[in-house]
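Novice: Those sequence lines, one after another, are chains H and V.
Counting in my numbering, the first sequence runs without a single skipped number right up to 346 at its last residue.
Counting in my numbering, the second sequence runs without a single skipped number right up to 595 at its last residue.
The structure follows.
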Amino acid sequence: MITIENLTKYYGSNRAVNHISFTINDNEILGFLGPNGAGKSTTMNMIAGYLPMSDGTVSIYGADITKEPLKAKKNIGYLPEIPPVYPDMKVKEYLSFCAGLKQVPRGERKDEIERVMKLLKVKDVEGKLIRNLSKGYKQRAGFAQALLGNPKFLILDEPTVGLDPNQVAEVRAIIKDLKKEHSVIFSSHILSEVSAVCDRVVIINKGDIRAIDTIENLERSVSASLTLHIKVKGDRTKAASVIEMTKGVKEITAIDDEGSSIYAFTVQLEGDFDTARDAIMAECIKNGVSILEIYADKPNLESVFIELINRPVKKSGLEELLEETPDESGEAEGESDENSEEKEEE
Amino acid sequence: MFPIYKKELQSFFYTPFAYAIAALFLLLFALPMANMISDLGKNTSVSANMMPFSFTEMFYSVILYFIFLLPILTMRTFADERKNGTEVLLMTSPVSVAKIVIAKFLANVTVYLFMIAGTLIFPIITAIKGEVVISQLICAYIGIFCWGLMYIALGMLISALTESSILAAIIGEVVMFMLLFIDDFANSGFMSQFPKAQSVLYAFAAQPRFAYFSEGFVRLSDLTFFASAIIVLLVWTYIAIEKRRWNRG
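Here is the structure:
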């Protein structure tokens with residue numbers, strides 16, 4: 001199990017990661033989701049032991065990354081945002097170097113390299129200079145490197161960026177497959193990817209954790225305000241008044257005339273969705289309004305994501321509030337965050 | 347540690363890099379030798395107290411060429427790792443930063459030995475046609491070896507400080523040039539006004555120490571000077587890398 005506690009990173013006075021804590025269980029794929037500049041790469045660099053943290057601890061299977069870095073790093077396979085490949089090396093040469101670096105025993109090296117090359121489908125370019133490879137192959141060579149020596153814990157920073165749709169599907173399948181033997185933390189700003197691959201998600205924005213939960217729970221959590229679409233046949237005013245009077249309806253936001261006395265209502269609900277829906281249907285039937293169609297906007301991860309990252313963070317204490325005061329305008333804060341991300345990428 | 351050493355050597359020897367730099371070194375070595383030999387024929391009558399042709403004299407002029415060659419050798423050491431983003435790979439693998447620095451230093455030293463080994467051909471040719479004072483030659487080689495190691499450590503430090511290998515080479519050349527002439531500066535009329543500063547500067551001067559080697563003396567104090575300079579520079583390199591990780595951003 002990997003435990004991250006209170007992880008914090010300051011770049012000068014700029015706080016890139018703010019006291020975040022979470023755990024990654026064995027055989028779990030944890031999605032790490034956030035917009036650009038949220039602090040994803042910084043966090044991953046800290047977990048991998050590349051960047052020292054300003055505060056907090058990272059423990060990889062019991063080994064603290066700062067106190068016992070060599071022991072901890074033996075269990076880590078890391079694919080950074082930019083694949084760490086040497087342009088002047090051939091793919092096989094590169095992997096053989098990495099295998100040595102990761103202390104794969106000499107006797108197993110050859111088989112291990114073959115295994116990862118097959119897994120990532122880079123076998124056909126093994127003799128090519130990495131310089132001459134396409135972005136997709138470079139990315140896969142970098143990924144292959146992370147899998148060498150079969151480390152228990154994999155850190156993958158946006159592994160599918162720059163791949164074509166076919167390759168993206170392949171890489172996702174590989175990641176899903178990795179779950180059998182590894183724990184994976186996997187960052188992305190692509191939502192569909194995270195929902196397709198991950199067991200749990202950590203949503204982060206501007207260095208703060210916004211949510212840690214399974215995808216289903218997250219989707220459910222924002223279903224408090226729901227939109228219902230109802231198509232009715234009959235008298236418009238009567239239908240409208242019936243719907244509006246029903247308990248659980250907040251307001252009718254739109255009525256579209258679809259011809260031959262069919263009207264489409266868009267209704268905002270409040271309270272429990274199921275009760276409100278049943279109430280509307282019962283009322284309509286009672287009042288002789290025939291319902292042709294009724295369906296709800298299913299909240300997807302996208303809306304969850306947008307809501308979560310835009311939701312203001314609850315300040316845990318006065319101290320933290322006071323700490324925030326120097327950055328008075330929200331815009332300036334946003335800008336400085338962007339700057340820090342740029343610097344990070346450099 | 348060994349994989350990094352091997353990788354560095356591969357990057358030198360699988361490309362024309364090491365061969366080109368060694369060839370250039372030999373060429374630069376051959377030029378003063380050719381000059382000196384031809385001068386030897388011309389000038390015998392001119393001055394009575396003329397120095398006899400010696401390799402140690404030649405090594406003296408060769409030091410100057412180091413300034414152009416060694417920064418080119420060391421410029422990529424860390425700058426390229428940063429540029430390629432492969433620094434992350436090294437730092438997140440179970441190898442300590444100290445070992446990375448040592449492995450890279452040893453790889454550079456190996457190429458340097460390869461360069462120096464090539465120059466052995468000149469004493470051999472001379473020995474066939476004339477006479478070589480072996481003991482003095484060995485001392486001069488020890489001196490030039492120590493000097494080169496110091497410059498390699500310095501070049502690595504500069505490479506660790508920047509992301510651009512070209513910049514590392516240029517800064518390296520400037521710093522090494524200054525280091526070479528620091529004793530001339532210390533002896534200058536201007537500096538003699540400040541005897542204390544003069545003695546401090548003089549302590550950093552490597553050239554007078556090399557002079558002892560080239561005259562056939564191996565003094566413990568000179569060896570200590572070079573050894574401590576190398577250790578200080580390597581430790582500084584280590585600190586520079588660690589510091590940048592802490593300050594990044």
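C-beta atoms are modelled at their ideal positions from N, C-alpha and C, and glycine is treated no differently.
What separation, rounded to the nearest whole angstrom, lies between the Cα atoms of residue 440 of chain V and residue 173 of chain H?
Specialist: Roughly 28 Å between the two C-alpha positions.
Novice: Measure from the C-beta of residue 143 of chain H to each C-beta in chain V and report whether the shortest distance is under 8 Å.
Specialist: Taking Cβ atoms only, chain V never reaches closer than 8 Å to residue 143 of chain H, which makes this a no.
Novice: Helix, strand or coil: how does DSSP classify residue 153 of chain H here?
Specialist: Strand.
Novice: Are there 16 or more other CB atoms within 10 angstroms of the CB of residue 427 of chain V, so buried, or fewer, so exposed?
Specialist: Label assigned to residue 427 of chain V: buried.
Novice: According to DSSP, which residues form a beta bridge with residue 208 of chain H?
Specialist: DSSP, once it has assigned bridges, lists H:205 as partnering residue 208 of chain H.
Novice: Would you be able to state if there are at least three C-beta pairs under 8 Å between the segment 178–185 of chain H and the segment 154–169 of chain H?
Specialist: Enough Cβ pairs lie closer than 8 Å, so yes.
Novice: With the cut-off set at 8 Å, would you say residue 121 of chain H and residue 83 of chain H are in Cβ contact?
Specialist: No. Outside cutoff.
Novice: Taking DSSP as the reference, what is the three-state secondary structure of residue 68 of chain H?
Specialist: Residue state, collapsed to three classes: coil.
Novice: Are the C-beta of residue 48 of chain H and some C-beta of chain V separated by less than 8 Å?
Specialist: Yes, because at least one Cβ of chain V sits closer than 8 Å to the Cβ of residue 48 of chain H.
Novice: Below 9 Å on C-beta distance, what does residue 350 of chain V contact in chain H?
Specialist: Result: 97, 100 and 101.
Novice: Does residue 52 of chain H have its Cβ less than 8 Å from a Cβ in chain V?
Specialist: By this cut-off, residue 52 of chain H is an interface position.
Novice: Within 8 Å (strictly less), CB to CB, does residue 78 of chain H reach chain V?
Specialist: Yes - at least one Cβ of chain V is within 8 Å of the one on residue 78 of chain H.
Novice: Helix, strand or coil, according to DSSP, for residue 275 of chain H in the structure here?
Specialist: Here residue 275 of chain H sits in helix by DSSP.
Novice: Spatial neighbours of residue 576 of chain V within its chain, please: C-beta separation below 6 Å, excluding the five flanking residues on both sides.
Specialist: Within the same chain, residue 576 of chain V has close Cβ partners 495, 496 and 499.
Novice: Grouping DSSP H, G and I as helix and E and B as strand, with all else coil, what is residue 555 of chain V?
Specialist: In this structure, residue 555 of chain V counts as helix in the three-state DSSP scheme.
Novice: Should residue 285 of chain H go down as buried or exposed, given a rule of 16 or more other Cβ atoms within 10 Å for buried?
Specialist: Exposed.
Novice: Does residue 85 of chain H get closer than 8 Å to chain V when you measure Cβ to Cβ?
Specialist: Residue 85 of chain H counts as touching chain V.
Novice: Does any CB atom of chain H fall closer than 8 Å to the CB of residue 496 of chain V?
Specialist: So, not an interface residue.
Novice: Contact defined as beta carbons within less than 8 Å: I believe residue 42 of chain H pairs with residue 51 of chain H. What is the distance between those atoms, to the nearest angstrom?
Specialist: Sure, about 7 Å apart at Cβ, within 8 Å.
Novice: Please identify, using Cβ separations under 8 Å, the residues of the segment 452–473 of chain V that lie next to chain H, in order along the chain.
Specialist: Correct list: empty, as no residue qualifies.
Novice: I'd like to check one pair, residue 267 of chain H with residue 249 of chain H: are the Cβ atoms closer than 8 Å?
Specialist: Yes, these two residues count as a Cβ contact at 8 Å.
Novice: CB-CB under 7 Å to residue 60 of chain H, same chain, minus the five flanking residues each way: which ones, in chain order?
Specialist: 2, 72, 75, 76 and 153.
Novice: Going by C-alpha distance, which of H:295, H:214 and H:136 is nearest residue 231 of chain H?
Specialist: Ranking the options by Cα distance to residue 231 of chain H, first place goes to H:295.
Novice: Please report whether the beta-carbon of residue 432 of chain V lies at a distance below 8 Å from any beta-carbon of chain H.
Specialist: Yes - at least one Cβ of chain H is within 8 Å of the one on residue 432 of chain V.
Novice: Distance check for residue 534 of chain V and residue 396 of chain V, CA to CA, integer angstroms please.
Specialist: Annotation note: pLDDT 47 at residue 396 of chain V (below 50); position unreliable, no value reported.
Novice: Assign residue 82 of chain H to one of three DSSP states: helix, strand, or coil.
Specialist: Residue 82 of chain H falls in the coil class under three-state DSSP.
Novice: Would you please verify whether the beta carbon of residue 70 of chain H is less than 8 Å from any beta carbon of chain V?
Specialist: Chain V contact via Cβ: present.
Novice: Determine whether the beta carbon atoms of residue 234 of chain H and residue 290 of chain H lie at a separation below 8 Å.
Specialist: Contact flag set, yes.
Novice: What three-state label does DSSP hand residue 213 of chain H in the structure shown?
Specialist: If DSSP states are grouped into helix, strand and coil, residue 213 of chain H belongs with the strands.
Novice: With a threshold of 8 Å between beta carbons, is residue 88 of chain H in contact with chain V?
Specialist: It does: the Cβ of residue 88 of chain H has a partner Cβ on chain V nearer than 8 Å.
Novice: When you compare only the Cα positions, how much space is there between residue 200 of chain H and residue 592 of chain V?
Specialist: Distance between the alpha carbons of residue 200 of chain H and residue 592 of chain V is about 31 Å.
Novice: Is the segment 440–455 of chain V touching the segment 401–414 of chain V, taking contact as three or more C-beta pairs under 8 Å?
Specialist: Segments in contact, no.
Novice: Is residue 362 of chain V close to chain H? Criterion is C-beta to C-beta, closer than 8 Å.
Specialist: Not one chain H Cβ lies under 8 Å of residue 362 of chain V.
Novice: Would you call the segment 524–543 of chain V and the segment 454–469 of chain V in contact, with 3 or more CB pairs under 8 Å?
Specialist: No, because fewer than three Cβ pairs between the segment 524–543 of chain V and the segment 454–469 of chain V fall closer than 8 Å, the two stretches do not touch.
Novice: DSSP three-state label for residue 310 of chain H, please.
Specialist: The answer is helix: DSSP assigns residue 310 of chain H an H, G or I state.
Novice: Could you give the residue range of the beta strand (DSSP E) that holds residue 230 of chain H?
Specialist: Looking at the DSSP string, the run of the beta strand (DSSP E) that includes residue 230 of chain H is 226–233.
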